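Written below as structure tokens is the structure these notes are about.
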Amino acid sequence: MDKEFKIAIFLVGFLLLISALLLEFLAEIHFLSIPFLLGFLPFSVYLIPYILLSTEQGILNLQKFIFPASWKKFLFPLFLLSIYSIFSIASSTFNPTLFIKLGLWLILPTFLFTKNIIFSELTSSSTPNVGSGDKCSLRDWVGVLLLWLPIEFGALSGFDITFKPGLTIPALPFVAVIQGLYLFRILRNLPQIGYDFLWNFKDLKIAFLALFLLAFSLIPLGTQMGFIQFSFTPPSFGETVKLILGIYFLVAIPEELLFRGLIQNLLFKSFNGKVPWFLVLSTASIIFGFSHWNNFTPADIRYVFLASLAGLGYGFVYFKTGKTTISALVHCGVNFFWAICFPGTQG
Numbered sequence: 002m003d004k005e006f007k008i009a010i011f012l013v014g015f016l017l018l019i020s021a022l023l024l025e026f027l028a029e030i031h032f033l034s035i036p037f038l039l040g041f042l043p044f045s046v047y048l049i050p051y052i053l054l055s056t057e058q059g060i061l062n063l064q065k066f067i068f069p070a071s072w073k074k075f076l077f078p079l080f081l082l083s084i085y086s087i088f089s090i091a092s093s094t095f096n097p098t099l100f101i102k103l104g105l106w107l108i109l110p111t112f113l114f115t116k117n118i119i120f121s122e123l124t125s126s127s128t129p130n131v132g133s134g135d136k137c138s139l140r141d142w143v144g145v146l147l148l149w150l151p152i153e154f155g156a157l158s159g160f161d162i163t164f165k166p167g168l169t170i171p172a173l174p175f176v177a178v179i180q181g182l183y184l185f186r187i188l189r190n191l192p193q194i195g196y197d198f199l200w201n202f203k204d205l206k207i208a209f210l211a212l213f214l215l216a217f218s219l220i221p222l223g224t225q226m227g228f229i230q231f232s233f234t235p236p237s238f239g240e241t242v243k244l245i246l247g248i249y250f251l252v253a254i255p256e257e258l259l260f261r262g263l264i265q266n267l268l269f270k271s272f273n274g275k276v277p278w279f280l281v282l283s284t285a286s287i288i289f290g291f292s293h294w295n296n297f298t299p300a301d302i303r304y305v306f307l308a309s310l311a312g313l314g315y316g317f318v319y320f321k322t323g324k325t326t327i328s329a330l331v332h333c334g335v336n337f338f339w340a341i342c343f344p345g346t347q348g
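Rendered as structure tokens:
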């Protein structure tokens, strides 16, 4: 067991412990009670691959299991679907329509990266390298859209982990990260996704510098545009921990994996050095910005502009460090300060 895998196991244990304490003291869901088990067990099952697939050992172990038999490639997404089925039935929240949507969302992209039906430039592979490594193909972009668009347009809303009526946490961010890693890291073997938790001082220095620069650009711009208004209410320690962990693992990492680890990464591979890096980074940040178009009703172009500017910062951090977990750290910092200082303008 290498250092990276040990760190990941420690992180899983730490997050499970913190989550249990938050449930006990903030939500008053007592350890080993029925509501606790109904929510904590599926949460644990989703959290484990969410973290362990950040390691080379975790990736290789899963690849060894599913290759070369094509049918085995469908076992993992079916396993994720079965977890929803079992625990939603147990908590009386099972939704057959959502079950079908989840099944299609999990299975269709897996089929895309497993079988050579439409995209003849790629062949069905018995090894974990469906694509052509550093080259980008149409299949990659179709895979990104199949992963992203059902989430973007709310087709999978309601996919939650239920502890008791009125108390849920979203399961979709966990499974979206797992599904993205499964498709592009396990099946596609796409390089430079940068999903790991092996950080160094240089990574953190870049992250905090970027956070500082974004704060001193986004806040004056947002204020000048009349989009934000300062209203600070300090949260309690427990609420602060819950907010930071929730933003980082449920918002920042899923978005950074998609927009930086996949979209920005694939854009660089598509242009292959023929376009200046800043233009590629800007394109990815604009896509990120417009993904926030539907966060307000009615849509607000000011939010798109500010999100694009923030995306430029996140993209630069990913470009410099090669780690989506570090760009997610900056993303988390921006969202955290936004939530506590400008609570009326959360998209």
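If you count by the working numbering, then the sequence shown holds residues 2 to 348, one letter each, in order.
Every residue gets a Cβ at the ideal spot worked out from N, C-alpha and C, and that includes glycine.
Since this is a predicted model, take the numbers as computed values, not measurements.
Item to check | Continuous alpha helix (DSSP H) stretch holding residue 43: start and end | outcome: Boundaries of the alpha helix (DSSP H) harbouring residue 43: 35-53, taken from the DSSP string.
Next on the checklist: Between which two residues does the beta strand (DSSP E) holding residue 324 run?
Outcome noted: That residue, residue 324, is in no beta strand (DSSP E); it is neither H nor E in DSSP.
Next on the checklist: Short of 7 Å in beta carbon distance, which residues of its chain neighbour residue 57, apart from the five on each side in sequence? Order them along the chain.
Outcome noted: Answer for residue 57: 5, listed in chain order.
Next on the checklist: Just to confirm my understanding: we take residue 1, look at its own chain, exclude 5 residues before and 5 after, and list those with CB closer than 7 Å. What are they?
Outcome noted: Outside the displayed range of the chain (2 to 348) lies residue 1, so it cannot be described from this structure.
Checklist entry - Does the distance from the C-beta atom of residue 48 to that of residue 22 stay below 9 Å? => result 9 Å or more divides the Cβ of residue 48 from the Cβ of residue 22.
Item to check | Same chain, Cβ closer than 7 Å to residue 120, five either side skipped, listed in chain order | outcome: For residue 120, the pLDDT reaches just 48, beneath the cut-off of 50, and the residue's location in the model is therefore unreliable, although a value from the coordinates is still provided. For residue 120, where only same-chain residues beyond five positions count, the Cβ hits under 7 Å are 138, 139, 140.
Item to check | Range of the contiguous alpha helix (DSSP H) that encloses residue 160 | outcome: Going by DSSP, residue 160 is part of no alpha helix (DSSP H) at all; its letter is neither H nor E.
Checklist entry - Can you tell which of 261, 266, 155 has its C-alpha closest to the C-alpha of residue 328? => result Check the Cα spacing between residue 328 and each of 261, 266, 155: the tightest is with 261.
Item to check | C-beta atoms of residue 88 and residue 150 nearer than 9 Å | outcome: Between residue 88 and residue 150, the gap from beta carbon to beta carbon reaches 9 Å or more.
Item to check | Residue closest to residue 207, alpha-carbon to alpha-carbon, out of 156, 232, 229, 315 | outcome: Selected option, being the one with the closest Cα: 315.
Item to check | Close beta carbons around residue 330, own chain, < 6 Å, minus the five adjacent residues each side | outcome: These residues qualify, in order along the chain: 208.
Checklist entry - Going by the CB atoms, is the gap between residue 184 and residue 266 shorter than 9 Å? => result Contact flag unset, no.
Item to check | Three-state secondary structure assigned by DSSP to residue 235 | outcome: In this structure, residue 235 counts as coil in the three-state DSSP scheme.
Checklist entry - Buried or exposed: residue 33, going by 16 or more other Cβ atoms within 10 Å of its Cβ? => result Using a 10 angstroms sphere on the CB of residue 33, the tally of other CB atoms stays under 16, which defines it as exposed.
Next on the checklist: Residues in the same chain with beta-carbon distance under 8 Å from residue 228, minus the five sequence neighbours each way, listed in chain order, please.
Outcome noted: Closer than 8 Å at Cβ, skipping near neighbours: 301, 303, 304, 307, 346.
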